[in-house]
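Residue numbering for the sequence shown follows numbering that gives the first Met the number 0, beginning at 0 and increasing consecutively. Ideal placement from N, C-alpha and C gives every residue a C-beta, glycine not left out. To start, the structure under review is shown below, and the notes come after it.
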Amino acid sequence: MSLPLFLLFLVPALLLLGWLHTRFWSRFFRLDRRADEIHRVETSDGWALSLHRYRPPRRRYREPVLMCHGMGANRFNFDLAEDRSLARSLASRGFEVFSLELRGAGLSTRPARFGKHRADYDFDTHLQKDIPAALAHVRAACGGEPVFWVGHSMGGLLGYAHLGLRGDHGVKGLVAISAPVALQRSFAARFFLPLVRLMALSPVVHFRAWARFFSPFFGWGLATLSTVAVSRRGIEGALLRRAMVNLVDNTSGKLLRQFIGWIRSGRFASRDGAQDYLANLARIEEPVLVLGADADRLAPPASVEPAYERLGSRDKQLRIFGIDRGDDFDFGHGDILIGSVARTVVYPEILV
Numbered sequence: 000m001s002l003p004l005f006l007l008f009l010v011p012a013l014l015l016l017g018w019l020h021t022r023f024w025s026r027f028f029r030l031d032r033r034a035d036e037i038h039r040v041e042t043s044d045g046w047a048l049s050l051h052r053y054r055p056p057r058r059r060y061r062e063p064v065l066m067c068h069g070m071g072a073n074r075f076n077f078d079l080a081e082d083r084s085l086a087r088s089l090a091s092r093g094f095e096v097f098s099l100e101l102r103g104a105g106l107s108t109r110p111a112r113f114g115k116h117r118a119d120y121d122f123d124t125h126l127q128k129d130i131p132a133a134l135a136h137v138r139a140a141c142g143g144e145p146v147f148w149v150g151h152s153m154g155g156l157l158g159y160a161h162l163g164l165r166g167d168h169g170v171k172g173l174v175a176i177s178a179p180v181a182l183q184r185s186f187a188a189r190f191f192l193p194l195v196r197l198m199a200l201s202p203v204v205h206f207r208a209w210a211r212f213f214s215p216f217f218g219w220g221l222a223t224l225s226t227v228a229v230s231r232r233g234i235e236g237a238l239l240r241r242a243m244v245n246l247v248d249n250t251s252g253k254l255l256r257q258f259i260g261w262i263r264s265g266r267f268a269s270r271d272g273a274q275d276y277l278a279n280l281a282r283i284e285e286p287v288l289v290l291g292a293d294a295d296r297l298a299p300p301a302s303v304e305p306a307y308e309r310l311g312s313r314d315k316q317l318r319i320f321g322i323d324r325g326d327d328f329d330f331g332h333g334d335i336l337i338g339s340v341a342r343t344v345v346y347p348e349i350l351v
């Protein structure tokens, strides 16, 4: 058989095997975890967002909690397993909890090749369209009370940016978890920048497909690669593999390009430069809790701490986790929420 003919059969066969491999492990590791209610909220530009509501056994607090995931993630950021669920932990303490899935993630509207729902959105789109719609819905559902915002990574950055704009923001307090306002200080972000720039050329960045393809190897053969997102002993291999299938989601190339711009420029600002989100931190007056981790390679303390330093709030706290700071464990970017000891070490800092 000639080489061209051999390749003609080999390439489709490999593609088919790759597809079957991904489908099998996606089904094998799939989680069927549901909140008490799923609300659909329409944005002003016609996208449907999903809000996952966790009702408390007995409501003890008037203010609800709005949770916002990071880039390339979804609701499983806050509810991966019974003992790895910040959403359910907060609900058990008496809070009404709503976990938001931004456009393009989870059960929210996904971008299409044609029509109005294209992957033409970035950080500012989430801030200007998704966040106001979610906040209005949550407040209406809970008697108009202001919300406590809990955001991980980009979800924390959105909280900073929203509060910094002031106005009728509807937020009573913020918990920002591993939210890097100084991305240029992230070694991992700078190291992977050439690869990220290639990925950002696509309208949709297919994190989900790659994560599902490699999912059975995480915690085993890809232990080194997984330390970009989690610490070496931060999460059990079985749960990490489920996280790769369920928690990792796609994002837009436009959003990724905006992050690339922040890494290269050292800024945290709107796409047109009109709003300096970093400078606006000085305008924030509400209570803010800033959490980070020494072993976080994506959002190291050097990228997180500038937010605390610039916050105008008189009631602000900074907590960096790490063995060198007296803790028994180190945490990475992901296991600070879903790690083996997150419930006993990290959650109490938020629940106080």
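Counted as a single uninterrupted DSSP element, the beta strand (DSSP E) harbouring Trp148 occupies residues Val146 to His151. The residues His38, Val40 and Leu50, in chain order, have a CB closer than 7 Å to that of His136 in the same chain once the five nearest residues on each side in sequence are set aside. Around the beta carbon of Arg296, 16 or more other beta carbons lie within 10 angstroms, which makes this residue buried.
Just measuring C-alpha positions, the residue of Leu310, Ser302, Leu288 and Ala301 sitting nearest Ala281 is Leu310.
In this structure, DSSP gives Arg29 a state outside helix and strand, which the three-state scheme calls coil. As the crow flies, the alpha-carbon of Gln183 is around 4 Å from that of Ile262.
Under DSSP, Glu284 takes part in no beta bridge, so it has no partner. According to DSSP, Asp275 shares a beta bridge with Ala268. Counting of Cβ neighbours within 10 angstroms places Trp18 among the exposed residues, the total staying below 16. As the crow flies, the alpha-carbon of Phe212 is around 42 Å from that of Ile283. Membership of Arg138 in the alpha helix (DSSP H) is indicated by the continuous run Ile130 to Ala140.
A direct Cα-to-Cα measurement between Phe27 and Arg313 gives close to 49 Å. Cα atoms of Val344 and Leu16: separation of roughly 42 Å, rounded to the nearest angstrom. As DSSP reads the structure, Ser49 sits in a beta bridge with Arg39 and Glu100. For Pro179, the closest alpha carbon among the candidates Arg342, Arg22, Ser302 and Arg61 is that of Ser302.
Bridge pairing for Leu65: Phe97 and Trp148 [DSSP]. The stretch 61 to 79 makes contact with the stretch 91 to 106: 3 or more CB pairs, one atom from each, lie closer than 8 Å. Comparing C-alpha distances from Ser43 to each of Ala210, Thr124 and Ala72 shows the shortest one belongs to Thr124. Of the residues Leu317, Ser339 and Arg59, the one whose Cα lies closest to the Cα of Asp327 is Ser339. Under the three-state reduction of DSSP output, Ser214 falls in the helix class. The criterion of a C-beta distance shorter than 8 Å is satisfied by Asp293 and Ile319. For Val244, the enclosing alpha helix (DSSP H) stretches over residues Gly236 to Asn245. For Val174, no alpha helix (DSSP H) segment is defined; the enclosing uninterrupted segment is the beta strand (DSSP E) at Val170 to Ile176.
Its chain contains Pro55, Arg57, Arg58, Arg59 and Tyr60 as the residues whose beta carbon lies nearer than 7 Å to that of Gly93, once the 5 sequence neighbours on both sides are disregarded; these appear in chain order.
Out of Phe217, Val247, Asp275 and Ser251, the CA that lies nearest to the CA of Glu235 is found in Phe217. Under the criterion of beta carbons closer than 8 Å, Pro299 and Ser185 qualify as touching, at roughly 6 Å. As for any beta strand (DSSP E) of minimum length 3 sitting wholly inside the stretch 313 to 340, the runs are 315 to 320, ordered along the chain.
For Thr343, the secondary structure class from DSSP, reduced to helix, strand or coil, is helix.
Counting along the chain, Pro193 sits inside the alpha helix (DSSP H) bounded by residues Leu192 to Met198. Classified as buried, Glu285 has 16 or more neighbouring CB atoms from the shown chains inside 10 Å of its CB. Taken through DSSP and simplified to helix, strand or coil, Ala12 comes out as helix. For Gly71, the closest of Ser152, Ser25, Leu85 and Arg342 by C-alpha to C-alpha distance is Ser152.
If you check the CB distance, Gln257 and Asp121 come in under 8 Å. The alpha-carbon of Gly291 is positioned some 57 Å away from that of Ser1. In the three-state DSSP reduction, Arg231 falls in the coil class, being neither helix nor strand.
A straight-line Cα-Cα distance of about 13 Å links Leu126 and Gly150.
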